[in-house]
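Residue numbers for the sequence shown follow the numbering used here, beginning at 16 and rising by one.
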Amino acid sequence: MKVLLVEDESKVANFVSRGLEEEGYGVDVAGDGRTGLDLVTTRDYDIVLLDLMIPEIDGLEVLRRMRESGIETPVLIITAKSTKEDVIKGLDTGSDDYLTKPFSFEELLARIRALLRRSRKAAPLTLEYREIVLNPYNRRLSVGGKEAELTEKEFLIMEYMMRNSERPLARKEMAEYAWQSQDDSSNIVDVYVNFLRKKMELLTARKFIHTVRGVGYILKEDEKL
Numbered sequence: 016m017k018v019l020l021v022e023d024e025s026k027v028a029n030f031v032s033r034g035l036e037e038e039g040y041g042v043d044v045a046g047d048g049r050t051g052l053d054l055v056t057t058r059d060y061d062i063v064l065l066d067l068m069i070p071e072i073d074g075l076e077v078l079r080r081m082r083e084s085g086i087e088t089p090v091l092i093i094t095a096k097s098t099k100e101d102v103i104k105g106l107d108t109g110s111d112d113y114l115t116k117p118f119s120f121e122e123l124l125a126r127i128r129a130l131l132r133r134s135r136k137a138a139p140l141t142l143e144y145r146e147i148v149l150n151p152y153n154r155r156l157s158v159g160g161k162e163a164e165l166t167e168k169e170f171l172i173m174e175y176m177m178r179n180s181e182r183p184l185a186r187k188e189m190a191e192y193a194w195q196s197q198d199d200s201s202n203i204v205d206v207y208v209n210f211l212r213k214k215m216e217l218l219t220a221r222k223f224i225h226t227v228r229g230v231g232y233i234l235k236e237d238e239k240l
């Protein structure tokens, strides 16, 4: 699971990110609203933890722009602003939950789990790109009605490409999504992309996964980038 934490207080950011990483979450930290907005619009996250009083762009404006852009990622506001009016404003702007500082890590973790459960129930049954269909529940990939079963890592790589179709993806971000690792020095991503290509060759004569020289890969219908 990938978390974006938008928080300018270093003590809070370190406390939360360290705790989540120990629980097995991958965490990106943004210290201001502009960086947070850039990350959430270019990467795929399972949940966003958003402070309201942050520099560059305040939290409510970040949230408003997210929702206007069609980004439906669950958002948990974490802030010292605790009046009823603040809570109502945050929820009305599009947040899914609201947690006031100071808070215990156990409560934060419980709220994150609840939002992720709710999000999974509301998620579409399948991911689709052209005639490619990916089923998250049984990790089956189908093209034109023909199916293949994917391993866990093959599924995560394919899921990330389908969620970011027609966008060049760096090996580093693909490794981060599938293995919670930012190490792009190994060829592990190349190995699993090759596995996926071989499975797709059994399903269709068309080529969808293309190499972007010097970058990584792209899921696209043809080879014209």
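Don't be surprised by glycine CBs; every beta carbon is placed ideally from N, CA and C.
### Query
Considering only residues of the same chain and omitting the five flanking positions on each side of Leu240, which have a CB-CB separation below 8 Å?
Residue confidence for Leu240 is low, a pLDDT of 42 falling below 50, so the modelled location carries little weight and cannot support an answer.
### Task
Assess, as a yes-or-no matter, whether the region 25 to 36 is touched by the region 72 to 90 under the definition of 3 or more beta carbon pairs within less than 8 Å.
no
### Message
Based on DSSP bridge pairs, tell me the residues matched to Ala45.
### Response
Val21
### Message
I need the DSSP call for Ala220, collapsed to helix, strand or coil.
### Response
coil
### Query
The beta strand (DSSP E) with Leu67 in it runs from where to where?
Under the DSSP assignment, Leu67 falls outside any beta strand (DSSP E); it carries neither an H nor an E label.
### Same chain, Cβ closer than 7 Å to Val230, neighbours up to 5 away in sequence not counted
Excluding sequence neighbours, Val230 sits near Pro183, Ala185.
### Query
Which residues bound the alpha helix (DSSP H) around Thr108?
99 to 108
### Query
How about Glu22: is its Cβ closer than 7 Å to a heavy atom in the ligand MN?
No copy of the ligand MN appears in this structure; indeed no ligand is present at all.
### Query
In chain order, what residues of the same chain lie with their CB nearer than 7 Å to the CB of Phe210, ignoring the 5 residues before and after it?
Glu169
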